[in-house]
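Just so you know, we're using the UniProt record's numbering here: the sequence shown kicks off at 1 and counts up by one.
All residues carry an ideal CB built from backbone N, CA and C; glycine is no exception.
Have a look at the structure below, then the notes.
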Amino acid sequence: DLPVPDASIELYEDPAFAPDKQVDVKITDQRGRAVFTDLKTGKSYYARAIDPALEAHNDALLAAYDEL
């Protein structure tokens, strides 16, 4: 897997029988990582990734597969 730097990762709480609530947003680092802290045990969360350079990252991924 190639890292995806500078992507926006939106973290949402998914409560039962209530609207989802955005709890945090992080930007991935150069290694493609985003770390969320202060999450609560027993709560359900999901992440949504938004890559502003999706086309360029897809091209890089395809080029990497071509080199295999």
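For Ala49, the uninterrupted beta strand (DSSP E) run begins and ends at 45-50, by DSSP. An exposed status is given to Ile27, since fewer than 16 other beta-carbon atoms sit within 10 Å of its beta-carbon.
In the same chain as Pro3, and ignoring 5 residues on each side of it, the C-beta atoms closer than 6 Å to its own belong to Arg31, Gly32, in chain order.
The beta carbon of Ala34 sits closer than 6 Å to those of Ile9, Lys26, Thr28, all from its chain and outside the five residues before and after it, given in chain order.
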